[in-house]
Structure formats: C-alpha cells, structure tokens
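Take a look at the structure below.
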Amino acid sequence: QTFTRILKEIWTSLIMWFFYALIPCLLRDGVAILPAPQNLSVHSTNMKHFLMWSPVIVPGETVYYSVEYQGEYERLYLSDVWIPSSWCSLTEKTECDLTEDITATVPYSLHVRATLGSQTSAWSTLTHPFNRNSTILTPPWMDVTKDGFHLVIELEDLGPQFEFLVAYWRRESATKEHIKMVRSGGIPVHLVTMEPGAAYCVKAQAVVKAIGRHSAFSQAECIEVQEEALPLALALFAFVGFMLNLVAVPISIWKMGQLLRYSCCPVVVLPNTLKITSSPQKLISCRKEEVDACAMTTVLSSEELFRTWI
1 QTFTRILKEI WTSLIMWFFY ALIPCLLRDG VAILPAPQNL SVHSTNMKHF LMWSPVIVPG
61 ETVYYSVEYQ GEYERLYLSD VWIPSSWCSL TEKTECDLTE DITATVPYSL HVRATLGSQT
121 SAWSTLTHPF NRNSTILTPP WMDVTKDGFH LVIELEDLGP QFEFLVAYWR RESATKEHIK
181 MVRSGGIPVH LVTMEPGAAY CVKAQAVVKA IGRHSAFSQA ECIEVQEEAL PLALALFAFV
241 GFMLNLVAVP ISIWKMGQLL RYSCCPVVVL PNTLKITSSP QKLISCRKEE VDACAMTTVL
301 SSEELFRTWI
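Take 1 as the starting number for the sequence shown in UniProt numbering and just add one per residue.
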C-alpha cells in the first residue's frame, strides 16, 4: 500500500509538471489560451438529460462554463442558430441539466465552452447529436399496501410525461392478470377489493408516449389479507355479557314493575294490635251475673289450694 501511494504521488507530480510546462506552449502573443472542455457525454435516465464534461483546471482560479444547444429546426431553418441553455450560463458545475431545453424528439447538437475572466475557450461540441428517445427507462418504484380489504398502490412520480401500466392478479395457478393504467405517480390508487385469505401480486412499468417507449416491468410484490377471526377473549367477553344481559334485563324489568306498583297503588298494612284474631261471636258481653262471678274469683295460693283439696 505504501509503494502504491508513493507511485500515485509521483504520477500526480509528473502530471502537474507537464501541465505547467505546457502553459508556455499555449501562449499566443503573450496571452494564454484557455483550453476547451473535453470528454463531452450525455447521461439520460427517465427523461432527465444531463450533459457532462471534464473540468478545465487552472491552478488557483475558478473556471466557469456555458452551454448552448441546437435543435433540428434551428439547424435547418435559422441559419445555424445556437440557443443558450436556461440553467447553464457561467456555471461552476461540470454538468448541465438540459431536461427543460430538450422538448422535442429530434436530434440536438450540444456544445460547451470555458470562461476565465476575459478569456474564453473555443466551443467543444458533442460528437453525436442527442435524441431524447435514447433515454434509459427504468422500472418505477412502487409501494403496495392494503387498507382493510382494499389493495392500494403508490408509484414513483417521474414527471408529467410518464404514465404507468399496472398489472395485478391473485397468486394462484392460471389466474388472469388485470391491467390498470395510472396517469400519474405520487398518488395512492385503489386497484381491487381483495377476498379474505387470498394473496394478490402487483407489478408496474413506466410508459412515455412522447417517445413511444416503455420500461421493463418492476419486480412483482405480493400481499395477503388474513381472514377475520374473532379473538377468544373477545368471544368469551361477548358471551359473558350476553348471559349477564339475559339475567339482568328480566330482573330489572320485574324490579321496575314492583317499584311502579308500590308507588302508584300502595297496600295499607295494619299493625298487629289492630288486627282481630278471635271470632266476632266471642265478643258478646257477659251477663251481669257472669261478670260478678268473674269479679269474685280470686287466685288461690298453692297452700290454700292444698288445704281445700284435703
């Protein structure tokens, strides 16, 4: 590792020495010529187009870049006019987003130049014109979820030019795929109401009608809805509650009836001292002689009673 690091340092030093030795060769009438950017290329994925190039290195200085493009119309009918890019005029970056500039499916010529103070390099032009129909379309990212028994999908928002073809099916043998066209991403979309205990699978592809192309399908994602089962504790609680209601409701009704009965039609209860326990026939007054005889009756002691008996 140490030997490799030393070789890298030597190689870097040689490159810097060569660069400094080359500067005098770039002088024209005592004025340095700023090199043009090199290695132009376009990286385009999902209709996002970026022009990239190698930086122009000037030690201790910041180099700025400007990009221009030319469509088929400008090249054929406007005397070779070039249009400055909306976002890449005197930028420090070594890449330029041309997505909003390239709006037609025709070949575009692209070139870039460097600027340092009052110095301006020559234009460096892309070797082959770029056509947006060569963009790389990738399968869209998707999020498959369930909302109760509803199968819901949310797709990646790739921009207004994209539509999505969604295929979904029950995970069973010989099950037919259902197709749904989704017009835009970033919004949850309901696909189907699922059956309990069944598994459903989903896949999607991106479609761009402007260039007549589509991506491959994404990897299928499957989701399953479990059958609804009443928990044992909840079932036991419901049974106990039902039995309590079965007993408590009749008792409550009976108690309420008794309360209303005694409140509206009370029963008068006589004290025991006012009740007649003997027959009314026994309440006839004694004759006078019977009363006198009764009055003369005395209680004899046990001793006098014994004497009388003797």
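Backbone N, C-alpha and C define an ideal beta-carbon position, used for all residues, glycine too. In this text the structure is predicted, and so the values were computed from the model without any measurement.
| task | Please check the pair residue 98 and residue 128, which I expect to be a contact at CB under 8 Å, by giving their CB distance rounded to whole angstroms. | result | Between residue 128 and residue 98 the Cβ distance is about 15 Å, and since that is not below 8 Å, they are no contact.
| Burial state of residue 149 (16 or more Cβ within 10 Å) | The residue in question, residue 149, is exposed, as its Cβ has fewer than 16 Cβ neighbours within 10 Å.
| query | Helix, strand or coil: which one does DSSP assign to residue 140? | reply | In the three-state reduction of the DSSP assignment, residue 140 falls in the coil class.
| said: Out of 185, 193, 160, which one is the CA nearest neighbour of residue 170? | reply: When 185, 193, 160 are compared, the shortest CA-CA separation from residue 170 is found for 193.
| Going by the CB atoms, is the gap between residue 126 and residue 110 shorter than 8 Å? | yes
| said: Check this for me: beta carbons of residue 72 and residue 84, under 8 Å apart or not? | reply: Not a contact, by the Cβ cut-off of 8 Å.
| said: Less than 8 Å between the C-beta atoms of residue 155 and residue 182, yes or no? | reply: yes
| task | Could you tell me the distance, in whole angstroms, from the CA atom of residue 56 to the CA atom of residue 34? | result | 8 Å
| Between 93, 70, 79, 114, which lies nearest to residue 103 when the distance is taken from Cα to Cα? | 70
| task | Tell me, please, which residues DSSP counts as bridged to residue 204. | result | DSSP, once it has assigned bridges, lists 166 as partnering residue 204.
| Expressed to the nearest angstrom, what Euclidean distance is found between the alpha-carbon atoms of residue 190 and residue 36? | 54 Å
| Hey, would you say residue 46 sits closer than 8 Å to residue 145, going by beta carbons? | no
| said: At the level of alpha carbons, what is the spacing between residue 168 and residue 100? | reply: 34 Å
| Quick one: is residue 176 buried, meaning 16 or more other Cβ sit within 10 Å of its Cβ, or exposed? | exposed
| From this set, 226, 207, 44, which residue's C-alpha is nearest residue 198's C-alpha? | 226
| Does the Cβ of residue 53 have 16 or more other Cβ atoms within 10 Å, making it buried, or fewer, making it exposed? | buried
| request: Would you mind working out which of 76, 184, 143 sits nearest residue 153, comparing C-alpha positions? | output: 143
| said: Taking DSSP's pairing of strands, which residues face residue 147 in a bridge? | reply: Answer by DSSP bridge pairing, in chain order: 150.
| said: Mapping the DSSP letters down to three states, classify residue 30 as helix, strand or coil. | reply: Summary for residue 30: the model assigns pLDDT 39, below 50, so the residue's position carries little reliability, and this model does not support an answer.
| task | Give the range of the alpha helix (DSSP H) segment to which residue 72 is assigned. | result | 72-77
| C-alpha distance - residue 86 paired with residue 92, whole-angstrom precision | 15 Å
| said: Using the Cβ count rule (16 or more neighbours within 10 Å means buried), how would you classify residue 206? | reply: buried
| said: Using a 10 Å radius around the Cβ and a threshold of 16 neighbouring Cβ atoms, would you call residue 209 buried or exposed? | reply: exposed
| request: Report the three-state DSSP secondary structure of residue 250 (helix, strand or coil). | output: helix
| request: Look at the Cβ atom of residue 132, then the Cβ atom of residue 105, and state whether they are nearer than 8 Å. | output: yes
| task | For the beta strand (DSSP E) containing residue 43, list its first residue and its last residue. | result | 38-45
| said: Check for me: the beta strand (DSSP E) holding residue 224 runs from which residue to which? | reply: 221-224
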